[in-house]
Each structure stands twice: as structure tokens, then as C-alpha cells.
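A quick write-up on the structure given underneath.
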Amino acid sequence: MLSGLFLILIGIMGALVISMQWQTKRLPNWIALLAPVISSIIFILYTPQVLNHQQIVETIQWFPALDINLILRLDGLGLFFALLISLIGVAVFFYATRYLSHQHDNLPRFYLYLVLFMFSMLGIVLSDNTIILYIFWELTSVSSFLLISYWYDTSESQKGAVTSFMVTVFGGLAMLVGFIMLYFVTGTNVISEQLSQRHDIAEHPLFIPIMLLLLLGAFTKSAQWPFHFWLPKAMAAPTPVSAFLHSATMVKAGIYLLLRYTMLLGLSDTYSYVVTGVGLLTMIFGSITAIKQYDLKAILAYSTISQLGMMMSMVGLGGGIAQATDSHMIEIYAYVLFAAIFHLFNHALFKGTLFMGVGLIDHETGTRDIRELGGLRRHLPVTMVVMFAASLAMAGVPLLNGFISKEMFFESLIEAHHLSAFNVPLMVVIAFIGWLASIFTFIYSMYLIKATFFGELRLQRHVHEPRLMILPATVLAICLPLIFIVPQWVGTHVITPAFRGVVHADAIVQTAPHLVQWHGFNLALLMSLAVIVIGTVGVFLVDRTRKRFFSDKESALSVENIFQSSYQSMEHVSGYGLRHLMNNRLNSYIIVTLLIYVAINVYGLIRVGVPKLYDIEVTDYHIFHILLLVTVVLIGFALIFIRQRLTMVILTGGIGYIVTLFFILMRAPDLALTQLVTETITTVLFIVSFSRLPNVPRGKFNLKKESVKIAVSLMTAVTVVSLIFMVQQANALETISVFYHDAYEKSGGKNIVNAILGDFRALDTLAEGLVLIIAGLGIYTLLNYKDRRGQDERE
Numbered sequence: 038m039l040s041g042l043f044l045i046l047i048g049i050m051g052a053l054v055i056s057m058q059w060q061t062k063r064l065p066n067w068i069a070l071l072a073p074v075i076s077s078i079i080f081i082l083y084t085p086q087v088l089n090h091q092q093i094v095e096t097i098q099w100f101p102a103l104d105i106n107l108i109l110r111l112d113g114l115g116l117f118f119a120l121l122i123s124l125i126g127v128a129v130f131f132y133a134t135r136y137l138s139h140q141h142d143n144l145p146r147f148y149l150y151l152v153l154f155m156f157s158m159l160g161i162v163l164s165d166n167t168i169i170l171y172i173f174w175e176l177t178s179v180s181s182f183l184l185i186s187y188w189y190d191t192s193e194s195q196k197g198a199v200t201s202f203m204v205t206v207f208g209g210l211a212m213l214v215g216f217i218m219l220y221f222v223t224g225t226n227v228i229s230e231q232l233s234q235r236h237d238i239a240e241h242p243l244f245i246p247i248m249l250l251l252l253l254g255a256f257t258k259s260a261q262w263p264f265h266f267w268l269p270k271a272m273a274a275p276t277p278v279s280a281f282l283h284s285a286t287m288v289k290a291g292i293y294l295l296l297r298y299t300m301l302l303g304l305s306d307t308y309s310y311v312v313t314g315v316g317l318l319t320m321i322f323g324s325i326t327a328i329k330q331y332d333l334k335a336i337l338a339y340s341t342i343s344q345l346g347m348m349m350s351m352v353g354l355g356g357g358i359a360q361a362t363d364s365h366m367i368e369i370y371a372y373v374l375f376a377a378i379f380h381l382f383n384h385a386l387f388k389g390t391l392f393m394g395v396g397l398i399d400h401e402t403g404t405r406d407i408r409e410l411g412g413l414r415r416h417l418p419v420t421m422v423v424m425f426a427a428s429l430a431m432a433g434v435p436l437l438n439g440f441i442s443k444e445m446f447f448e449s450l451i452e453a454h455h456l457s458a459f460n461v462p463l464m465v466v467i468a469f470i471g472w473l474a475s476i477f478t479f480i481y482s483m484y485l486i487k488a489t490f491f492g493e494l495r496l497q498r499h500v501h502e503p504r505l506m507i508l509p510a511t512v513l514a515i516c517l518p519l520i521f522i523v524p525q526w527v528g529t530h531v532i533t534p535a536f537r538g539v540v541h542a543d544a545i546v547q548t549a550p551h552l553v554q555w556h557g558f559n560l561a562l563l564m565s566l567a568v569i570v571i572g573t574v575g576v577f578l579v580d581r582t583r584k585r586f587f588s589d590k591e592s593a594l595s596v597e598n599i600f601q602s603s604y605q606s607m608e609h610v611s612g613y614g615l616r617h618l619m620n621n622r623l624n625s626y627i628i629v630t631l632l633i634y635v636a637i638n639v640y641g642l643i644r645v646g647v648p649k650l651y652d653i654e655v656t657d658y659h660i661f662h663i664l665l666l667v668t669v670v671l672i673g674f675a676l677i678f679i680r681q682r683l684t685m686v687i688l689t690g691g692i693g694y695i696v697t698l699f700f701i702l703m704r705a706p707d708l709a710l711t712q713l714v715t716e717t718i719t720t721v722l723f724i725v726s727f728s729r730l731p732n733v734p735r736g737k738f739n740l741k742k743e744s745v746k747i748a749v750s751l752m753t754a755v756t757v758v759s760l761i762f763m764v765q766q767a768n769a770l771e772t773i774s775v776f777y778h779d780a781y782e783k784s785g786g787k788n789i790v791n792a793i794l795g796d797f798r799a800l801d802t803l804a805e806g807l808v809l810i811i812a813g814l815g816i817y818t819l820l821n822y823k824d825r826r827g828q829d830e831r832e
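Count along the sequence shown from 1, then add 37; that gives the number in the working numbering.
Here it is as C-alpha cells:
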């Protein structure tokens, strides 16, 4: 059934591609909307089974020799993320139908990318094979690159897409190295099997490198400091993309990865220190930087960075559950992890609501600059109420879901001194950082509403409120107080199954907390009240203190500037080298190729020694071999003196046909047939090509130039022959022909050449086919290219 879901989503993407050719441009909206709707229905139908502690597993064999198979596993954690992605996807896809214009936007292309984005994220949370997870991981980077650069004619979109792609792919490659190390340690790529060997992995010398590489992948994907800078750049994407990316998809992938591997990575205290420290640093950095912004989407982007840091710190604090044995310690760790999952759920709701509201404001006013906005409460009343509720939830104000998870966050920081990895002084430091970041969170959350909807109306244009556009955000906003009213139902049916998928132990699940609105009079409540009081004062002081404490100019030593400088330097160096290497001069290419041949030959001579001719095995030969060899030599010498191009082509083809005769004499009819076909096609193509070129006669014979060419040719021939001699002399490895002799028994192929190409070297043949397909698509694109420069202006 899960594989059926993937087939359905692929079919929807195909339908979108086909719809590109249709006259109506409205249809892709509703075709694409089927993707999250179908996905939501399927996962909702699976919910009763998962709640009954069942796991749905589907396996499709792909590359069993290296344990690379499509294994989809739906447990509590996977279901939690899958439902989040699908249900938020319904709201975002519907919102996009109202946001984008069928007259000015290429809707099939947009929805194709958006469905691919959702498909990739679902693949991440359902994969039970590390290599398959990595493939989907990078697919999210590719699809986000396409979405961010959707309006590719702007430099902002181009820069944002490249930056996000470079950072996330770099982290993905690091994660892949960690996965490969895990395979060498465990002998399997199956995640569930790796987790079952977690204690053995923790004792292996590669455990710490594996942990750091996986953290690098998670930190880059979830925009943790110092890899945060790609996320604000991604705001160049259309707002529906931003809403989806920030609430339920790409940035949550890093959190998911750490939750999935908590029971393994948490076996090291280093994990708790690094993840908690990076999370708190990211949280306070994002909250402070958000106050500096004037763009509404930039404020939300840095708020997402801050909120991700908050979740990451709780995941780090709770990681110690993997090695805890004391019941009280297990209870604290479980409480922290439960709070992290709950806040991730809350964040998806209020952040999706806020982005949709900001998109509506931008859509109707034409600006997101808070210096140009103000007084919109009378013109956009529903939007104001919806965004106000979401901002209050993000700020952690009572009567909304965000208050419960914020209280749990404070309690987690306070209880950290009971944990084995933390002491009282360290607890005070991390609790203060989390509390201070929460104050800044309250300030930017409320200031966003104050600057946008209150004060005097600065806009001169007419503003109206599209009710269908704000509908998805309204539905999400209704959930914010509703969850506060029935938190225990959410905890039992939504958060607990996900928590069970993290810890994999029913005994620990029994310690999962019950979500309640009121936690009593305690230090966490006092911290929340202080946040509200100090934050309220800070909201009215933002305009006065912004210029005094915050500079609009970025430091030259900022992480983003360092990345951009490094990227530009690498691009300059690589461009310089490429321009000098690929200089369109055939002689230079021949020299480089010859040098490589010589280097290989010298290396072989050093390793093997000078070939001894009397040790070389020579097969039986007869007069026909000698005659054919003499013919090839004569034709080769003739080519030196012949000046007519057509004659040269025919004689060169003649050498190829003689090689065909060699194959026949060696009793290799398959190779002979292949050589015959290839040589015929090549000769015909050469003749056709030369017939299209101007008839420029070849220069006169020059003994000096021709001698150089002959010397180069002889050196190349000697190098190749020497390599053959060295290979025959070095018999360190067993010949592979013995393995191929059993082709019929192993593959069922009666033709050994076909068996090698179709079975033994199937992956290589697949790659060759893909290269041909890509080349064909490139040729097709060039043939159908139309120069549209200036066409838009004429239209």
C-alpha cells in the first residue's frame, strides 16, 4: 500500500507534465491537490494499526548485494511526520491555487516541483534503508532548489537557490559518509537493524565520527548555526513554498534524523553537549536577528531558525534516554523528548498560518516591508485575527498550544541539573539562554502584528481580503486554541505514537508525560510570566532601540560572507583551470592525454618492473594474422601522406573492418558484429559530416610536423602495449573470466556477452543508458530552443 502511494504520487507528477501541453492552465491546481489529499487519506487509514503498536513494512529488492533496497517502514514516528507533511500539504496546495496566477505563472512547472518536494519528504520519513533515505534527502535539496529558483529571472532567486543547494548538499554528503561507515560497522543499511546493534556500534572506534557526520547532515538541513544562512535566502521562493518548507518539510528533516537515531547517538554524552549547545546558540541567534529584520518573510525565516534551535536543544537534552537506567532519569529524558515532538507539531501549525498570512499581505499590498505597512486591521480583519493567534502561540501565551510546549521547554531546562551529563552551573547557563531567547521570541512575534496591523495606514492602494486565500490559514489557526483545550487527546493519539517510534521500548513509553494546560505554580510559570511582561515592554521599545543596538550592515566576518567568499574563490579557481584546460585546441588535449598515459605507464613500471618479453604469453597465430597486421601498418603509413579527407575516412574505416576480421579469427562473432556495426555507423557519420563542411584542402606534407605526430602516435602505442605487458606480468589477482564462465547458471543467459552487459554489469549499462537519455534530452532542448529575448516586451 505504501508503494502504491508512491506510484500514485509519481502518476500525479506525470499528469502535471502532460498538462503542460494543455490549453487550460487552471487544471494543474486541482491535479496537484490530489497528491496531499490522497496521501492524507492513506495515512489516516493506517493510523488505527499504528496506534495498536503495529508497523507496516514493504520491501522491494533493488540492489541486494550491497543491501540497497527500497524498504518502507511506517511506525509511530514515520506516521507522525507523514500526516504532518500530508495534512499541511493539503492547506499549502489549496493556498497555492489562490496565490499564484494562471495567467502569469507556469503552474504545471510549479506544481510538478511542489509534488516532487512533498514526495521526497515522505520518502525520508518512510525509508528504512540509509541509502534510500539519502536519495530522498538529496531529492528534497533538488526540489527545493527548483522551487526557490521558480522565478529564475531574478538574482535573488538564483542566489538563494544556489546557496541553499550548496549548503544542504554538503551536509547530505557528510551524512552519506556517516551512513557508509555505519554499513561497514554493522553490515547492513537497514535502519531498524542498525538500531538493534546500537550498543555494539557505540563501542566501535568509528562511533564518534559517525555521530559527527550525521549531526553535520542534520544541522545543515535544519538550518542550525553556523549553517543557518541558507534559510533566509530561500525566502525568494513563492510564499506557498516557504509555508511548506518552514512548517512541515525540509527544515524538519534534520530533526527527524536525530529523533530516528536518538537511541544510538544518545549513547555518547558528546551528542547531548553538541546538539543542546548548538540548538540554544541557534535559538538565541535567530530570535535576536529576527528583531533586526524589516521584511515580514525575513522575520519569519529567522523565527524558524530560532524555533528549530529550540527543538534541537530539547532533542539534545533528551538524547541521554539511550543510556539512562534510573527510572527518575528516564522520566526526565522522556519528558524532554516528548516536549520536543509536541513543539514540532505546534510549530508546524502556527508557522504555516503565519506564512500564509504574510503571503496574503504581500499579494494584496505588493510589499512585505513593515516600514511601508501599518493599519491593515480594518482592511484585513480575518488575516489579523489568524496571524495574531499564531503569533501568540509562537510567543507562548496561555490559552494556545504554544504555551504548553513552551512551559515544557522551560521545565526541561530546569530539570537538566538532574541529568548525568549536566550539573547545576551548566543548567543555570542553558536555562538563562533559553529564557532570554524566549523574551526575544515574544518581542518579534508581537512586533510583527503591531507593525503590520496597527498604527496608521501608509498604503495608498486599495486592499481587500480574499476569503478563499485565508481559508487554509484560518483552519490551521482554529487548531491552536483547540489543542490547548484537548491536549491529552493530542498527546495520546498523535505525540505518544511518535515518541514510541523514537525510543522503541514500551517500558519507556509508560513514562511519557500527560499533556495538561496547567502545570501549577512553579519556576517555569514564573519564567513564562517574566517573558510576557518583559517582552511586552520590549515590543514598544523596538523602534527606539533597533538602530542603537542592531546594525543593518553585516560584518565581513559573518558566516554568510565567509561562505560566499569561499564559494566565489572556488568558482574563480575552477573557472580559471577549466578555461586553460578546455581551450578548444586539439594539440593541448592530445598532450594532456599523452601525459596521463605516460604517468600511468611510469607508475606501472615502478610497481611491476620492466616487462620481460620472454615471460609474455603469446597465443597461437597463423599467416592470416600476419597479413592483416601488415595491412593495418600499411594503411596507417598511407594515412600520413594522403591529403583527401574522404579517402582518409574510408581508409580509417578499413582499419576498423580489419579489426573485425581479427575478432572473427579469434572466434568472437559477437565482438566482430559489434565492431562491424559501430565502424559502419562511424564511417557513414564521418562521410555525412564532411559532406556538410566547406571543402578546405588539407595542407601540404610537412616532414617536421608529421614526424612529431608519428612520434606521438608511436609513444601512445608503446604505452598501451606496455600496459598490456604489465597486466600480463602482474598475476596478483585471479582472472575474472572464471567467474563469467558460469554465466548460464548464475544469470540464465546463454550468450556470455549479453549476460555480462545485462546482469553482471547491469548498473554500468543502466548508467550508460542514462547518459544517452540525458544527452538526447539536451539535444532535443537545443533543437527546440527559441530565443525569447525581448519577446515579453513586445507582447
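We put the beta carbon where it would ideally sit given N, CA and C, even for glycine.
Looking only at its own chain, which residues have a Cβ that is under 6 Å from the Cβ of F256, when we skip the five neighbours before and after it?
-> Apart from sequence neighbours up to five positions away, the residues of its chain that approach F256 with a beta-carbon distance below 6 Å are F264, ordered along the chain.
Alpha-carbon spacing of L666 relative to I761, whole angstroms = Spanning the two alpha carbons is a distance of roughly 18 Å.
Hey, quick one: how far does the alpha helix (DSSP H) through R537 stretch, first residue to last?
-> Secondary structure note for R537: its alpha helix (DSSP H) is the uninterrupted segment 533 to 540.
Going by DSSP, name the residue or residues bridged to D406.
-> According to DSSP, D406 shares a beta bridge with D332.
Where T511 and V423 are concerned, what is the direct C-alpha to C-alpha distance, given to the nearest angstrom?
-> When the Cα atoms are used, T511 and V423 turn out to be separated by approximately 6 Å.
Coil, strand or helix - Q605 by DSSP = DSSP places Q605 in helix when its eight states are reduced to three.
Taking one C-beta from the segment 221 to 238 and one from the segment 179 to 199 each time, how about it: are there three or more such pairs within less than 8 Å?
-> At 8 Å Cβ cutoff, the stretches do not touch.
C-alpha distance - E832 paired with D142, whole-angstrom precision | Because E832 carries a pLDDT of 40, less than 50, the predicted location of this residue cannot be relied on, and the following value inherits that uncertainty. A straight-line Cα-Cα distance of about 16 Å links E832 and D142.
Who are the near neighbours of S428 in its chain, counting only those whose CB is closer than 8 Å to its CB and skipping five residues on each side?
-> Excluding residues within five positions, the ones whose Cβ falls inside 8 Å are F387, L391, S482, M483, L485, I486.
Would you tell me roughly how many angstroms separate the C-alpha atoms of F577 and H241, rounded to the nearest one?
-> Here the alpha carbon of F577 sits roughly 55 Å from the alpha carbon of H241.
Pick from I467, S457, P462, L144 that is closest to E448, judged by C-alpha positions | Checking every option, the nearest Cα to that of E448 belongs to I467.
Taking M366 and L456 to be in contact with their CB atoms under 8 Å, please state how far apart those CB atoms are, rounded to whole angstroms.
-> About 7 Å separates the CB atoms of M366 and L456; that is less than 8 Å, so the two are in contact.
Contacting residues, own chain, Cβ-Cβ under 6 Å from S259 (five flanking each side not counted) | The beta carbon of S259 sits closer than 6 Å to those of V288, G291, I292, L345, all from its chain and outside the five residues before and after it, given in chain order.
Are the CB atoms of I245 and S305 nearer to each other than 8 Å?
-> Yes.
Could you give the distance in angstroms between the alpha-carbon of T720 and the alpha-carbon of R682?
-> Those two C-alpha atoms are separated by around 12 Å.
Near W262, what residues of its chain come up, given a Cβ to Cβ distance below 6 Å and the 5 sequence neighbours on each side ignored?
-> The residues are L318, T319, F322.
What are the boundary residues of the beta strand (DSSP E) that W526 is part of?
-> The continuous stretches of beta strand (DSSP E) do not include W526, which lies in the alpha helix (DSSP H) extending over residues 524 to 527.
Spatial neighbours of A709 in its chain, beta-carbon cut-off 7 Å, leaving aside the 5 residues before and after | Cβ-Cβ distances below 7 Å link A709 to T697, F700, I701 in the same chain, with the five nearest sequence neighbours on each side left out; the list follows chain order.
Across which residues does DSSP place T96 in a beta bridge pair?
-> T96 has I108 as its beta-bridge partners, per DSSP.
Of the residues V278, T84, Y136, E95, which one's Cα is nearest the Cα of L114?
-> Measuring from the Cα of L114, the nearest candidate turns out to be T84.
Option in L437, I789, A453 with minimal Cα separation from A705 | Across the set L437, I789, A453, the C-alpha of I789 shows the shortest separation from the C-alpha of A705.
Just the Cα atoms here: how many angstroms apart are A799 and E782?
-> For A799 and E782, the gap between their C-alpha atoms comes out near 17 Å.
Range of the contiguous alpha helix (DSSP H) that encloses K443 | Its alpha helix (DSSP H) spans residues 438 to 451.
Within the chosen definition, does the segment 347 to 355 reach the segment 520 to 531 through at least 3 CB pairs nearer than 8 Å?
-> No, because fewer than three Cβ pairs between the segment 347 to 355 and the segment 520 to 531 fall closer than 8 Å, the two stretches do not touch.
With a Cβ-Cβ cutoff of 8 Å, do I49 and V152 count as a contact?
-> Yes, the Cβ-Cβ distance between I49 and V152 is below 8 Å.
Between the beta-carbon of I105 and the beta-carbon of D165, is there less than 8 Å?
-> Not a contact, by the Cβ cut-off of 8 Å.
N624 CB to nearest heavy atom of the ligand SAM below 7 Å = The ligand SAM is absent from the structure shown, which contains no ligand whatsoever.
Assuming L397 and M506 make a contact with CB atoms under 8 Å, what is their CB distance in whole Å?
-> Contact flag correct, Cβ pair sits at about 5 Å.
Using the Cα positions of L631 and T753, report the straight-line distance between them to the nearest angstrom.
-> Computed Cα separation, rounded: 7 Å.
CB-CB under 6 Å to Q330, same chain, minus the five flanking residues each way: which ones, in chain order?
-> Annotation for Q330: I336 place their beta carbon closer than 6 Å to its own, counting only its chain and skipping 5 residues before and after.
With Y339 and P550 assumed to form a contact (beta carbons below 8 Å), what rounded beta-carbon distance in angstroms separates them?
-> Taking the Cβ atoms as the reference, Y339 lies roughly 30 Å from P550, outside the contact range of under 8 Å.
Close Cβ partners of Q828 (< 8 Å) along its chain, the five nearest in sequence each way excluded = Bear in mind that a pLDDT of 44 at Q828, under 50, signals an unreliable position, so the model cannot answer this.
Tell me whether S279 is buried or exposed, calling it buried when 16 or more other Cβ atoms sit within 10 Å of its Cβ.
-> That one is buried.
Looking at the unbroken alpha helix (DSSP H) that takes in H283, where does it start and where does it end?
-> Unbroken alpha helix (DSSP H) run through H283: 276 to 284.
Out of W188, P65, A453, R537, point me to the one whose CA is closest to L144's CA.
-> Residue P65 is the option with its Cα nearest to L144.
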